[in-house]
Amino acid sequence: MTRKDRYEHFLAYFSKAMPVAETELEYSNPFELLVAVILSAQCTDKRVNSVMPGLIKAFPDAKALAKSTSDKVFPFIKSISYPNNKAKNLVGMAQTLLKEFKGVVPSEIEQLVMLPGVGRKTANVIASVIYEKPAMAVDTHVFRVSKRIGLVTQTASTPLAVEKQLVKHLPENVIHKAHHWLILHGRYLCTARSPKCESCPLALFCRYHEVLMKRNK
816 MTRKDRYEHF LAYFSKAMPV AETELEYSNP FELLVAVILS AQCTDKRVNS VMPGLIKAFP
876 DAKALAKSTS DKVFPFIKSI SYPNNKAKNL VGMAQTLLKE FKGVVPSEIE QLVMLPGVGR
936 KTANVIASVI YEKPAMAVDT HVFRVSKRIG LVTQTASTPL AVEKQLVKHL PENVIHKAHH
996 WLILHGRYLC TARSPKCESC PLALFCRYHE VLMKRNK
């Protein structure tokens, strides 16, 4: 099966099965999502969602967070991975957001990565989720699943390489949703260990499953 065929099957399945695809992070506005995505690095969405209410109650906007210190932020996020660094980044992010963007979360990748704690993946999440831009954030799930299915080549060895191939081959208007399709599929079915191939609706056009079947013959 060609890569073009795999993309066609992938799009046909998810467009019907999951026409509305959204992040599992809980937020009420762009600032809250930015905070949540910074916290979510190497941490589960469930854990982030558990600390966000208390954090946002204490620091409801960029102005309040910018006036704080990392020592004051730390107790609210101490159960999150790398809380010391993330506390510093959150305060720095809020200060830069006020100074450079008047407190408004920007939509451009080049502007978003100017914020402390915001790398390309985080910037892509904000651009795609808030502004529905054709940006593909590549986390561990997107990286793994896109390679297993056969949407990207095995030689794509970095998140950026995977991102470029996905953006190149996916229709521009679905890129922001395809990000969630891949994440959710990787989180619940195509897990890193013991993927649930026997119950996977993508098995018929998945390269990984194809290889497994050949090995088992």
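Numbering (this note's numbering), first residue to last: 816 to 1032.
We treat Cβ as the ideally placed atom computed from N, Cα and C, and that holds for glycine.
Since we're looking at a predicted model, the values are computed, not measured.
(request) Just tell me which of 859, 856, 891 has its CA closest to the CA of residue 869. (result) Ranking 859, 856, 891 by Cα distance to residue 869 puts 891 first.
(message) With three or more beta-carbon pairs closer than 8 angstroms as the criterion, would you say the segment 841 to 853 touches the segment 917 to 936?
(response) With the cut-off at 8 angstroms, the segment 841 to 853 and the segment 917 to 936 touch.
(request) Compare the C-beta of residue 978 with all C-beta atoms of chain B and state if any pair is closer than 8 angstroms. (result) This model lacks chain B altogether; it includes just one protein chain.
(request) Output the distance between the C-alpha atoms of residue 855 and residue 838, rounded to the nearest integer angstrom. (result) Roughly 12 angstroms separates the two Cα atoms.
(message) Considering only their Cβ atoms, is the gap separating residue 960 from residue 1005 smaller than 8 angstroms?
(response) Yes, the Cβ-Cβ distance between residue 1005 and residue 960 is below 8 angstroms.
(message) So for residue 860, helix, strand or coil by DSSP?
(response) DSSP places residue 860 in helix when its eight states are reduced to three.
(request) Give me the Cα-Cα distance between residue 941 and residue 923, rounded to the nearest whole angstrom. (result) Straight-line Cα distance between these residues: approximately 9 angstroms.
(request) To the nearest angstrom, report how far apart residue 913 and residue 983 are at their CA atoms. (result) Each residue's Cα considered, the two are about 34 angstroms apart.
(message) Judging by CA-CA distance, which residue of 964, 927, 962, 955 is the nearest neighbour of residue 946?
(response) Checking every option, the nearest Cα to that of residue 946 belongs to 927.
(message) At the level of alpha carbons, what is the spacing between residue 896 and residue 857?
(response) Residue 896 and residue 857: Cα-Cα distance of roughly 7 angstroms.
(message) Is the beta carbon of residue 943 closer than 8 angstroms to that of residue 1000?
(response) With respect to the 8 angstroms criterion, residue 1000 and residue 943 are not classified as neighbours on the basis of their beta carbons.
(message) For residue 822, tell me which candidate among 1007, 989, 1030 has the shortest Cα-Cα distance.
(response) Nearest neighbour of residue 822 by Cα position, chosen from 1007, 989, 1030, turns out to be 989.
(request) Would you kindly report the start and end of the unbroken alpha helix (DSSP H) that includes residue 889? (result) Residue 889 -> alpha helix (DSSP H) spans 885 to 892.
(request) Enumerate in chain order the residues of its own chain whose CB-to-CB distance from residue 948 is below 6 angstroms, with the five nearest sequence positions on each side excluded. (result) Cβ within range, chain order: 942.
(message) For residue 969 and residue 962, what's the separation of their Cα atoms in angstroms?
(response) Between residue 969 and residue 962, the alpha-carbon positions lie close to 6 angstroms from each other.
(request) For the alpha helix (DSSP H) holding residue 969, just list the boundary residues, first then last. (result) Per DSSP, residue 969 belongs to no alpha helix (DSSP H) and is neither H nor E.
(request) Compute the Euclidean distance between the alpha carbons of residue 911 and residue 904, then round it to the nearest angstrom. (result) The straight-line gap from Cα to Cα measures roughly 10 angstroms.
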